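Asker: There's a structure below that I have some questions on.
2 protein chains.
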Amino acid sequence: MRSDKARNREAVLAAAGRLFDRAGDPDEVSMDAVAAAAGVGKGTLFRGFGDRLGLIRAVYDERVAAELSAAEPSAAGPADQALDLLVRTWRFKRRHRVLSLALERAGYGSPYRNESYAGLHATLAGLIARARPGSPAGFLAHSLLAAVRSDLVEHLSDQPPIDVEAGLRDLVGSVFAEARGRPAA
Amino acid sequence: MRSDKARNREAVLAAAGRLFDRAGDPDEVSMDAVAAAAGVGKGTLFRGFGDRLGLIRAVYDERVAAELSAAEPSAAGPADQALDLLVRTWRFKRRHRVLSLALERAGYGSPYRNESYAGLHATLAGLIARARPGSPAGFLAHSLLAAVRSDLVEHLSDQPPIDVEAGLRDLVGSVFAEARGRPAA
DNA sequence: ACCGTAGCGGACTGACGGTCCGTTTTCCAA
DNA sequence: TTGGAAAACGGACCGTCAGTCCGCTACGGT
Chain V
12 MRSDKARNRE AVLAAAGRLF DRAGDPDEVS MDAVAAAAGV GKGTLFRGFG
62 DRLGLIRAVY DERVAAELSA AEPSAAGPAD QALDLLVRTW RFKRRHRVLS
112 LALERAGYGS PYRNESYAGL HATLAGLIAR ARPGSPAGFL AHSLLAAVRS
162 DLVEHLSDQP PIDVEAGLRD LVGSVFAEAR GRPAA
Chain B
12 MRSDKARNRE AVLAAAGRLF DRAGDPDEVS MDAVAAAAGV GKGTLFRGFG
62 DRLGLIRAVY DERVAAELSA AEPSAAGPAD QALDLLVRTW RFKRRHRVLS
112 LALERAGYGS PYRNESYAGL HATLAGLIAR ARPGSPAGFL AHSLLAAVRS
162 DLVEHLSDQP PIDVEAGLRD LVGSVFAEAR GRPAA
C-alpha cells in the first residue's frame with residue numbers, strides 16, 4: 012500500500028465521518044463535499060471506496076469496531092442477552108444517527124443486504140430458538156431488529172416522552188416469555 | 012374542475028400504477044417515464060401532484076380505498092383485531108410491493124411522516140392499551156408495525172420458507188399475552 | 001538518479017426531480 | 001355563436017448528484 016493512498020484513505024474517512032455527524036440528514040452529504048473536505052479528488056474517493064455505499068460502510072464499520080472493543084461479555088440468560096443486544100444497538104444508532112440512517116438508506120435497495128445485519132439476526136435468532144424451541148425464531152428476530160431501525164430511532168427521538176429502553180424491555184420480555192392464552196386468530 | 016384536468020389526472024394515476032406494478036424497484040420509475048406513459052407533459056404531472064411523493068401517495072391512497080370497501084368489521088378481542096390489522100397490512104404491502112416501497116422510501120426522509128401510518132399506529136396502540144393497561148403501548152405499536160415494513164416484507168418474500176403469517180400470530184400473541192417471568196434486565 | 005507504474009484529481013457524462021413560460025384549451029357570458 | 005379571460009398544458013430548461021475517464025504526478029524499487 013503506497014503511503015499517499017493510506018494517507019488519503021484516512022483523510023476521507025475522517026472527513027466523511029465529520030460531515031455525516033454535522034448533517035441533519037444523510038442526503039445533505041454529497042460525495043463532492045466529502046472529497047473537497049478531505050482535500051482529495053473525486054476519482055480518489057471512488058477508487059478507494061467503490062461507491063457511496065462503500066464509503067458509508069467503511070465509516071460505519073470503523074465506528075462499530077471502536078464500540079466493540081468496549082463490550083464486556085455477560086453470562087446471562089438468552090432473554091437478557093437479547094435485550095442487551097437490542098439496547099446496545101439502539102444506543103449505537105442513536106449516537107450515530109445520521110450515519111446509521113445513511114447506511115440503511117443506501118443499502119442497495121434494502122437495509123437487509125447488509126453484513127452486520129445478518130450477524131445480528133443470526134445471533135438473535137439463536138437466542139430465541141434456545142429460549143423458545145419451536146417458535147418462529149427467524150421471523151421474531153427480524154421483528155425485534157425492526158424495532159431498532161434507524162428511522163424509527165430517529166422518529167422516536169423527535170418526541171422524547173417515549174422511554175424506548177423500557178419499551179424494548181417489555182417487548183423482549185413478551186417475546187421470550189412462555190405465552191399463555193394466545194389468541195385463536 | 013376542468014374536464015381536461017380530470018382526464019389527465021386519471022391517465023396519470025393509471026399510468027403510474029401500471030409502471031410501479033411492472034417495476035422491480037421504485038427507482039426504476041422516473042417522473043419522465045410516468046408523464047410519457049400517461050401521454051402528458053411533465054408540467055401537468057407536477058402541477059397535478061406537487062412532487063414525486065404526492066403522486067405516489069395519490070396512487071397508494073386510491074388502492075387503499077379500493078381495498079377498504081371489502082373489509083368486514085369483526086367484533087373480536089383486541090389481540091385478534093390487532094393480528095387481523097397486521098395481517099391485512101402485510102398482505103396489502105405484499106400485493107402492492109413496489110408501490111408500498113416507493114411510499115416508505117419517499118416519505119420526506121421518514122416513513123413515519125405519513126398520514127396512514129399515524130392512523131394505524133393510533134388504532135394499534137389503542138388495542139394494546141386496552142388489553143394491557145400500563146404497558147408501553149405506543150412503543151409496542153411502533154414495533155409491531157415495524158414488523159410489516161415494506162422492505163422487510165420484500166426481504167422475507169425473497170426466501171419464502173418463512174411463514175410470515177404464523178410469525179405475526181406468534182408475535183402478536185406474545186405482546187398481548189400477560190407475561191410471566193420477564194427478565195430482570 | 002532513473003523510470004515503470006500505482007495513484008491522483010477534476011473535467012465530464014448521463015439521469016433525474018423540479019421549474020418556467022409561451023401556447024393551447026376550456027367554458028362562460030354576451 | 002362567438003369572443004376572450006383564465007385555467008391548464010407541455011416540453012425545453014436548470015441545478016444537482018453519483019459515477020467515469022484519462023492525462024498528469026509522485027512514489028518507491030533498482
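Sequence lines, in order, name chains V and B.
Start counting the first sequence at 12; every next residue gets the next number (this note's numbering).
Start counting the second sequence at 12; every next residue gets the next number (this note's numbering).
Built from N, CA and C at the ideal position, the CB exists for glycine as well.
Quantities reported herein were computed from a predicted structural model and do not represent experimental measurements.
(1) Nearest by alpha-carbon distance to Y71 of chain V: which of V:E165, V:S146, V:N125 is it?
(2) Please work out which residues of its chain come closer than 7 Å, Cβ to Cβ, to L151 of chain B, disregarding the five sequence neighbours upstream and downstream, and give them in chain order.
(3) I want to see whether chain V comes within less than 7 Å of H166 of chain B, judged by CB atoms only; does it?
(4) Do S161 of chain V and H166 of chain B have their CB atoms nearer than 7 Å?
(5) Look at the Cβ atom of V23 of chain B, then the Cβ atom of F31 of chain B, and state whether they are nearer than 7 Å.
(6) Which residues of chain B have a Cβ atom closer than 8 Å to the Cβ of I173 of chain V, listed in chain order?
(7) Is there a Cβ from chain B that is less than 7 Å from the Cβ of S154 of chain V?
(8) Go ahead and label R106 of chain V buried or exposed: buried means 16 or more other beta carbons lie within 10 angstroms of its beta carbon, across all protein chains shown.
(9) Just checking: is the beta-carbon of D15 of chain V within a distance shorter than 7 Å of some beta-carbon in chain B?
(10) Just the chain V side, please: which residues come within less than 8 Å of L163 of chain B by C-beta, in chain order?
(11) Put E78 of chain B into one of helix, strand or coil per three-state DSSP.
(12) Within the continuous alpha helix (DSSP H) that includes Y128 of chain B, where are the two ends?
(13) Is there a Cβ of chain V sitting closer than 7 Å to that of V186 of chain B, yes or no?
(14) Give the single residue among B:E83, B:V109, B:P171 whose Cα lies nearest to the Cα of R99 of chain B.
(15) Taking the beta carbon of R13 of chain V as the centre, do at least 16 other beta carbons fall within 10 Å, making it buried, or is it exposed?
(16) Anything in the region 103 to 133 of chain V with a Cβ closer than 7 Å to a Cβ of chain B? List those residues in chain order, please.
(17) Taking K104 of chain B as the reference, give the member of B:P147, B:P172, B:Y128, B:S85 with the closest Cα.
(18) I want to verify the contact list: residues of chain B whose CB lies under 8 Å from the CB of R58 of chain V, in sequence order.
Answerer: Considering the structure as presented:
(1) V:N125
(2) I139, V186
(3) yes
(4) no
(5) no
(6) P147, G149, F150
(7) yes
(8) exposed
(9) no
(10) Y123, H153, A157
(11) helix
(12) 126 to 142
(13) yes
(14) B:E83
(15) exposed
(16) G120, S121, P122, Y123
(17) B:Y128
(18) None at all; the shortest Cβ gap to chain B is about 25 Å.
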